[in-house]
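Line by line, the protein sequences are chains X and P. My numbering numbers the first residue of the first sequence as 1 and each following residue consecutively. My numbering numbers the first residue of the second sequence as 245 and each following residue consecutively. Glycine included, each C-beta is placed from N, C-alpha and C at the ideal position. For reference, the structure is listed below as structure tokens.
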Amino acid sequence: MIEIKNVSLWLGDDFQVLKNVSTRFQKGRTTVICGPSGSGKSSLLRCINRLERFQKGEIIVDGLSVRDPKTDIYKLRKNVGMVFQHFDLYPHMTALDNITLAPQKVRCLSRQTAESKALQLLERVGIMDKANSFPAQLSGGQQQRVAIARSLAMEPKIMLFDEPTSALDPEMIGEVLDVMIDLALEGMTMIVVTHEMGFAKKVAQEIIFMDHGEIVEAKNTSDFFNHPDHPRTRDFLNRILSHV
Amino acid sequence: MIDYNFDWGIIWQQPYGPLFLNGIKTTLILSACAWILAFCLGILVSVFRVSSSKPLRFFGATYVEVFRNIPLLVQVFFWYFAMPSLFPKPMELWLYDNISNLPFFLGILALAFYTSARVSEVFRSTLLSVPHGQYRAAYSTGLTPYKTYRFVVLPYAFRLSIPPLTTEFLSCFKNSALTMTIGVLEITGTTAYIESFTWRGLEVTTAASFSYLVITLCIIALMAFVEKKTRIAGMIHQAR
Chain X
1 MIEIKNVSLW LGDDFQVLKN VSTRFQKGRT TVICGPSGSG KSSLLRCINR
51 LERFQKGEII VDGLSVRDPK TDIYKLRKNV GMVFQHFDLY PHMTALDNIT
101 LAPQKVRCLS RQTAESKALQ LLERVGIMDK ANSFPAQLSG GQQQRVAIAR
151 SLAMEPKIML FDEPTSALDP EMIGEVLDVM IDLALEGMTM IVVTHEMGFA
201 KKVAQEIIFM DHGEIVEAKN TSDFFNHPDH PRTRDFLNRI LSHV
Chain P
245 MIDYNFDWGI IWQQPYGPLF LNGIKTTLIL SACAWILAFC LGILVSVFRV
295 SSSKPLRFFG ATYVEVFRNI PLLVQVFFWY FAMPSLFPKP MELWLYDNIS
345 NLPFFLGILA LAFYTSARVS EVFRSTLLSV PHGQYRAAYS TGLTPYKTYR
395 FVVLPYAFRL SIPPLTTEFL SCFKNSALTM TIGVLEITGT TAYIESFTWR
445 GLEVTTAASF SYLVITLCII ALMAFVEKKT RIAGMIHQAR
């Protein structure tokens, strides 16, 4: 579904964020990417839908090359939903309008169709009653659920989550994770950058550990937690799991 | 004691009363046209200045520096005394002969281009304050750059721009006075004209000042109304 081949990304002239990263993500599977901050997790995610332009290597998403200038990047992005750490809802629109904008302007759905679809999605993420609220009137957890609904409204084949719960108060993390768990169980192809190891254990099939712009270890979930090979992985796991 | 006999009636008297009212009308139409033009051009140029295309950025920067760094009076002179002679001679003569209110139209252009450079700087500063996440969110759903600006970035930036835009709107309106130098009979021009016939400088300049004040207060009220109407619920603290 997504194939990443020898991707290198530099920000500026001398700061290399990704170093020759290769991996693949299969259809219908959930992959968790973890690692210390600055390890290139979010950058890798952004390379997948060309929010970040990488200088070397290749990424193929559902048969389309991300780097090829001839690729219709808007078509590619339609199939790849993305959820951000800080939600990034459009502040001047209601929750409903946030969700219906892209379906109307990109998929050319009528307002009516887009809205009835949006209401279904809001019901699915459990905040049907907030359809006409503005983002600033919602809690962080509610905003993130609207953001997830906004991505789902484009009916993507792949969902990217960039630290979706890192900016949330602890009591709101659960409500967002619940939505993501449902999505994963329904068979969505998901790539999730997160430190929520409970979530990873529960739904991820594969876990990738990154450090300093490289993939240090990529394993199926139980092997990752039970038999990590690399000392850096063990060190990282010890530090984040000691609090649980 | 002031040794001066006031004659306020001069302002209402024939033919000065209708002349003065006509001046107010000219000021209003001229500055409104200039403002609308400046607003549209300003948005366009500000988007050029933050775009990823180097030629567009260069064009935008040149535009802004030319139109905001030359004194408005010189620009007014340029449009009226220099621009027509850039055309072939027959066309130049035709312009002067056939367009009776040429100064009025050229005054609009001079004021519009000057104001647009300043408006574009206002928009540029607010565009830069729109968080990057807004672009990322919009692009990730497949919106093109044009649609991202049209539906996401500009509506948000516009709201942030209202207070500084009010100042530019007022400046645009007041700067219209400079068009008197190319013969537009707007408020200031009419005032000078009436004064030269009546020697009633105190009365007519007072009337002119009062007119400007009333109209600027109306503009401020209008912009406050727009600000209130477009306020984002829950986001900007309500002033009490």
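Does DSSP classify leucine 248 (chain X) as helix, strand or coil?
Outside the shown range of chain X (1 to 244) lies residue 248 (chain X), about which nothing can therefore be said.
At the level of alpha carbons, what is the spacing between tyrosine 248 (chain P) and threonine 435 (chain P)?
Our two residues, tyrosine 248 (chain P) and threonine 435 (chain P), have alpha carbons roughly 19 Å apart in a direct line.
Give the range of the alpha helix (DSSP H) segment to which isoleucine 431 (chain P) is assigned.
Per DSSP, isoleucine 431 (chain P) belongs to the alpha helix (DSSP H) from 431–442.
So phenylalanine 264 (chain P) and isoleucine 438 (chain P) are supposed to be a Cβ contact under 8 Å. How far apart are they, rounded?
In this structure phenylalanine 264 (chain P) touches isoleucine 438 (chain P) by the C-beta definition: roughly 7 Å separates them, less than 8 Å.
Who are lysine 25 (chain X)'s beta bridge partners in DSSP?
The residue asked about is misnamed: residue 25 (chain X) is phenylalanine in this sequence, not lysine. Looking at the DSSP assignment, phenylalanine 25 (chain X) forms a beta bridge with X:Ile2.
Close Cβ partners of glutamine 319 (chain P) (< 6 Å) along its chain, the five nearest in sequence each way excluded:
Here the set comprises Ala354, Tyr358.
With burial defined as no fewer than 16 other Cβ atoms inside 10 Å of the residue's Cβ, what is the status of leucine 89 (chain X): buried or exposed?
Of the other Cβ atoms in all chains shown, 16 or more fall within 10 Å of the Cβ of leucine 89 (chain X); this residue is therefore buried.
Go to asparagine 342 (chain P), then tell me how far its alpha helix (DSSP H) extends in each direction, as first and last residue.
Unbroken alpha helix (DSSP H) run through asparagine 342 (chain P): 333–342.
Serine 329 (chain P) (DSSP reduced to helix, strand or coil):
It is helical.
Mind listing the chain X neighbours of tyrosine 400 (chain P)? Cutoff is C-beta to C-beta under 9 Å, in chain order.
Within chain X, the residues near tyrosine 400 (chain P) are Tyr90, Pro91, His92.
At a Cβ threshold of 9 Å, is asparagine 49 (chain X) touching chain P?
Using beta-carbon distances, asparagine 49 (chain X) counts as an interface residue toward chain P, with a partner under 9 Å.
Please report the Cβ distance between tyrosine 456 (chain P) and isoleucine 431 (chain P), rounded to the nearest whole angstrom; I am assuming they are in contact, meaning their Cβ atoms lie under 8 Å.
Contact between tyrosine 456 (chain P) and isoleucine 431 (chain P) holds, since their C-beta atoms are separated by about 7 Å, short of 8 Å.
Using 9 Å as the limit for Cβ to Cβ distance, is threonine 388 (chain P) near chain X?
Closer than 9 Å: yes.
Closest by C-alpha distance to histidine 195 (chain X), when choosing among X:Glu214, X:Ile173, X:Ala184, X:Asp182
It is X:Ile173.
Identify the residues that DSSP records as bridge partners of cysteine 34 (chain X): which are they?
Bridge partners of cysteine 34 (chain X) according to DSSP: X:Phe209.
Option in X:Gln85, X:Pro36, X:Asn98 with minimal Cα separation from phenylalanine 118 (chain X):
Reading off the sequence shown, one finds alanine at residue 118 (chain X), where the question assumed phenylalanine. Answer by Cα proximity: X:Asn98.
Should glutamine 142 (chain X) be labelled buried (16 or more other beta-carbon atoms within 10 Å of its own) or exposed?
When all chains shown are included, glutamine 142 (chain X) counts as buried.
With a Cβ-Cβ cutoff of 9 Å, do proline 328 (chain P) and leucine 346 (chain P) count as a contact?
For the pair proline 328 (chain P) and leucine 346 (chain P), the CB atoms are nearer than the 9 Å cut-off.
Inter-residue spacing [alpha-carbon to alpha-carbon] between leucine 185 (chain X) and lysine 70 (chain X):
Rounded to the nearest angstrom, the two C-alpha atoms are 35 Å apart.
Where in the stretch 29–87 of chain X do unbroken runs of the alpha helix (DSSP H), each at least 4 residues long, occur, reported from the N-terminal end onward?
Here the runs fully enclosed are 41–48, 73–78.
If you drop the 5 nearest sequence neighbours on each side, which residues of the same chain put their C-beta closer than 6 Å to that of glycine 126 (chain X)?
Once the five neighbours on either side are set aside, glycine 126 (chain X) has no close Cβ partner at all.
Along the stretch 112–138 of chain X, what residues have a CB closer than 7 Å to any CB found in chain P?
Sequence-ordered contacts of the stretch 112–138 of chain X with chain P read Phe134, Ala136, Gln137 [C-beta pairs closer than 7 Å].
If I follow the unbroken beta strand (DSSP E) through lysine 219 (chain X), where does it start and stop?
For lysine 219 (chain X), the enclosing beta strand (DSSP E) starts and ends at 214–220.
Reduced DSSP secondary structure (H/G/I, E/B, other) of isoleucine 464 (chain P):
Residue state, collapsed to three classes: helix.
Since valine 428 (chain P) and threonine 270 (chain P) are thought to touch, with beta carbons under 8 Å apart, how far apart are those beta carbons, to the nearest angstrom?
The Cβ separation is near 7 Å, so the contact holds.
N-terminal and C-terminal residue of the alpha helix (DSSP H) that aspartate 97 (chain X) is part of:
Per DSSP, aspartate 97 (chain X) belongs to the alpha helix (DSSP H) from 95–105.
Of all Cβ atoms in chain X, is any one closer than 9 Å to the Cβ of alanine 483 (chain P)?
Any reading at alanine 483 (chain P) must be qualified, since the residue scores a pLDDT of 44, below 50, and its modelled position is unreliable; the value itself is stated next. No, alanine 483 (chain P) does not count as interfacial toward chain X.
Cutoff 9 Å: lysine 75 (chain X) Cβ touching any chain P Cβ
Look at lysine 75 (chain X): its C-beta is under 9 Å from a C-beta on chain P.
Proximal residues of chain X, C-beta to C-beta of valine 571 (chain P) below 9 Å
In the structure as shown, chain P starts at 245 and stops at 484, and residue 571 (chain P) therefore has no counterpart that could be examined.
Sub-9 Å separation of methionine 154 (chain X) and lysine 78 (chain X) beta-carbons
Result yes, Cβ atoms of methionine 154 (chain X) and lysine 78 (chain X) sit closer than 9 Å.
Neighbour list for alanine 381 (chain P) in chain X, Cβ cutoff strictly below 7 Å:
Those within 7 Å of alanine 381 (chain P) in chain X are Phe84, Asp88.
Within its chain, find whatever has a CB closer than 6 Å to the CB of asparagine 132 (chain X); leave out the 5 residues flanking it on each side and keep chain order.
Excluding its 5 nearest sequence neighbours in each direction, asparagine 132 (chain X) has C-beta neighbours in its own chain below 6 Å: Thr94, listed in chain order.
Counting only beta-carbon atoms, is phenylalanine 395 (chain P) nearer than 9 Å to chain X?
Yes, phenylalanine 395 (chain P) lies at the interface with chain X (some Cβ there is under 9 Å from its Cβ).
Taking all protein chains shown into account, decide if cysteine 108 (chain X) is buried (16 or more other Cβ within 10 angstroms of its Cβ) or exposed.
Result: exposed.
For valine 318 (chain P), which three-state DSSP category applies?
The answer is helix: DSSP assigns valine 318 (chain P) an H, G or I state.
Can you find a CB in chain X that lies within less than 9 Å of the CB of threonine 370 (chain P)?
It does not; no Cβ of chain X falls within 9 Å.
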